[in-house]
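Heads up, the sequence shown is in full-length UniProt numbering, so the first residue is 1 and it goes up one at a time.
To start, the structure under review is shown below, and the notes come after it.
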Amino acid sequence: MFGERLAAAAVLGASVVIGVAYFFWSSASSSEKEAQKQPGGEALSAAVKQEEASEKQKVAAVVQTEAANKDGEEEEEEEAVIQSEARKEEKEEEEEEEEEALVVQNEALVVQNEALVVQNEALVVQNEALVVQNEALVVQNEALVVQNEVLKEEEESPDLHPEAETSEPRPVESDSEGSQVLVLGLDGAGKTSLLHCLSTGILDQDMKPTEGFNAVSINRDGLHIEFLEIGGKEELRQYWQRYLSKALLLVFVVDASDPQRFTVARKHLEVLLTSRPRLPLMVLANKQDIPSALSITDVHDDLSLSEVGERQLFLIGTYMKKGEVELSSGVQDARDLIIQIACGSK
Ligand SMILES: Nc1nc2c(ncn2[C@@H]2O[C@H](COP(=O)(O)OP(=O)(O)OP(=O)(O)O)[C@@H](O)[C@H]2O)c(=O)[nH]1
Ligand SMILES: [Mg+2]
1 MFGERLAAAA VLGASVVIGV AYFFWSSASS SEKEAQKQPG GEALSAAVKQ EEASEKQKVA
61 AVVQTEAANK DGEEEEEEEA VIQSEARKEE KEEEEEEEEE ALVVQNEALV VQNEALVVQN
121 EALVVQNEAL VVQNEALVVQ NEALVVQNEV LKEEEESPDL HPEAETSEPR PVESDSEGSQ
181 VLVLGLDGAG KTSLLHCLST GILDQDMKPT EGFNAVSINR DGLHIEFLEI GGKEELRQYW
241 QRYLSKALLL VFVVDASDPQ RFTVARKHLE VLLTSRPRLP LMVLANKQDI PSALSITDVH
301 DDLSLSEVGE RQLFLIGTYM KKGEVELSSG VQDARDLIIQ IACGSK
């Protein structure tokens, strides 16, 4: 009984020792020695040892836990740093890739822009070509309109002869019934300019080539005179003869400053005169304002005007200049003569 009490006391003592050992477990060995010194010390010593071992284990567990915690924190920190760096690298890579993509996109846009500029230039050229083509079509259309009018007139007029289109026209039987002043001559001779001067008294603009007809009426001193110009371009000359039958006078205009074309002009004139043997003829040696222009004597010779047969012939040197307020004396003479001839025919 005493032994048990002693053992209980020993246990109690040991508990105290263990409590101390919790904080100062390193001094356990001395407690052990002390326990061994007491009676029943071996059992006490075993219990103490067991308790100490248990405490050691606990402490070791605590230490281990703390170490584990510490290791875990460090690992987490390291992991966080690694992850942060990885994210940073990833972000940098992404930014670089984005930058490269933008550069590529930009270059593509530059190329696309250049292509559009080229395309635009091509469209401008194409457009210009279409404008030119359109103008050509307009001219072609006008020529067709003229041709159409000629054909219509031919159908309506019984005195027009289809044979007149051949190179050897048949002379017209009568030449006394005309009412028009027919104005002919090679292109650029000055026919339209003359008619403009006669109708307005002034040449205030450059004339465009006549693509077909140019009909002008002049009323003067109660007299109504109709002028008809037919364009002098090569393709229009075939129509000249068709209007001879209606003419009371043929005004044939030549560019006196361009004698190289006299041969052609003379051939056409000869054909015309053959068709109307007594039709009055007025030849205007135009562009006398140009220093190199031939005189009327030279024009007379070059056009073989001595061979025009028995008809009234007038040869006048003329010129028309843009902006001059008065008609040149030659044009005035021509105008007065035309009025006289027109009066005489009434
Ligand atoms: N220097 C000068 N130029 C003239 C004269 N008469 C006409 N011209 C010019 O010559 C060019 C042709 O004149 P137009 O009157 O159109 O000639 P056209 O005979 O009617 O020609 P087509 O209609 O093509 O048959 C125009 O530029 C006129 O300004 C002139 O007396 N002197
Ligand atoms: Mg003309």
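We treat Cβ as the ideally placed atom computed from N, Cα and C, and that holds for glycine.
Got a sec? Which residues, its chain only, sit under 6 Å from residue i by beta carbon, not counting five neighbours each side?
i, result
"Gly309", "Pro277"
"Ser345", "Leu248"
"Phe2", "In this prediction, Phe2 has a pLDDT of 43, which is less than 50 and means its spatial position is unreliable; nothing more can be read from the coordinates."
"Leu182", "Leu228, Tyr243, Ala247, Leu250"
"Ser176", "Annotation note: pLDDT 47 at Ser176 (below 50); position unreliable, coordinate value reported separately. Excluding sequence neighbours, Ser176 sits near nothing in its chain."
"Gly330", "Ile316, Gly317, Thr318"
"Lys191", "Val183, Gly185, Glu229, Val253"
Excluding the five sequence neighbours on either side, which residues of its own chain have a C-beta within less than 7 Å of the C-beta of residue i, listed in chain order?
i, result
"Glu165", "Confidence at Glu165 is low in this model, with a pLDDT of 35, below 50, so its placement is unreliable and the value that follows should be read with caution. Gln238."
"Leu305", "Val283, Leu313, Leu315"
"Ile290", "Ser257"
"Val264", "Leu186"
"Asn69", "none"
"Arg87", "none"
"Leu102", "none"
Between which two residues does the beta strand (DSSP E) harbouring residue i extend?
i, result
"Ala293", "Premise fails: Ala293 is in no beta strand (DSSP E) and is neither H nor E."
"Ala334", "Where Ala334 is concerned, there is no enclosing beta strand (DSSP E), although the alpha helix (DSSP H) it sits in stretches over 329 to 345."
"Leu194", "Careful: Leu194 lies outside any beta strand (DSSP E), inside the alpha helix (DSSP H) at 191 to 200."
"Arg220", "213 to 220"
"Glu310", "Here Glu310 belongs to no beta strand (DSSP E), and DSSP marks it neither H nor E."
"Ala285", "281 to 286"
"Gln180", "180 to 184"
"Asp187", "Taken as a continuous stretch (DSSP letters only), Asp187 belongs to no beta strand (DSSP E), as it is neither H nor E."
"Glu226", "223 to 230"
"Ala256", "Segment: none, Ala256 is in no beta strand (DSSP E) and carries neither H nor E."
Indicate, with yes or no, if ligand 1 has a heavy atom lying under 7 Å from the CB of residue i.
i, result
"Pro209", "yes"
"Thr274", "no"
"Asp258", "no"
"Leu334", "Note that residue 334 corresponds to Ala in the displayed sequence, not to Leu. No, since every heavy atom of ligand 1 falls outside the 7 Å radius drawn around the Cβ of Ala334."
"Asn286", "yes"
"Val181", "no"
Verify the contact flag: residue i, CB atom, against every heavy atom of ligand 2, threshold strictly below 7 Å.
i, result
"Thr318", "no"
"residue 374", "Because the chain spans 1 through 346 in this model, residue 374 falls outside it and cannot be assessed."
"Glu229", "yes"
"Thr192", "yes"
Just to check my reading of the structure: residue i and residue j have Cβ atoms closer than 8 Å, yes? What is that Cβ distance to the nearest angstrom?
i, j, result
"Val253", "Asn286", "5 Å"
"Gly188", "Asp255", "6 Å"
"Ser193", "Met207", "5 Å"
"Ser275", "Gln241", "6 Å"
"Leu281", "Arg311", "6 Å"
The alpha helix (DSSP H) that contains residue i, what's its start and end?
i, result
"Leu269", "262 to 275"
Go through its chain and collect everything with a Cβ distance to residue i's Cβ below 8 Å, but skip five positions before and after it.
i, result
"Ala342", "Val181, Leu223, Ile225, Leu248, Leu249"
"Ile339", "Arg220, Asp221, Leu223, Ile225"
Given 8 Å as the limit, is there contact between the region 321 to 337 and the region 201 to 215, that is, 3 or more CB pairs closer than that?
-> Yes, since at least three Cβ pairs between the region 321 to 337 and the region 201 to 215 fall closer than 8 Å, the two stretches touch.
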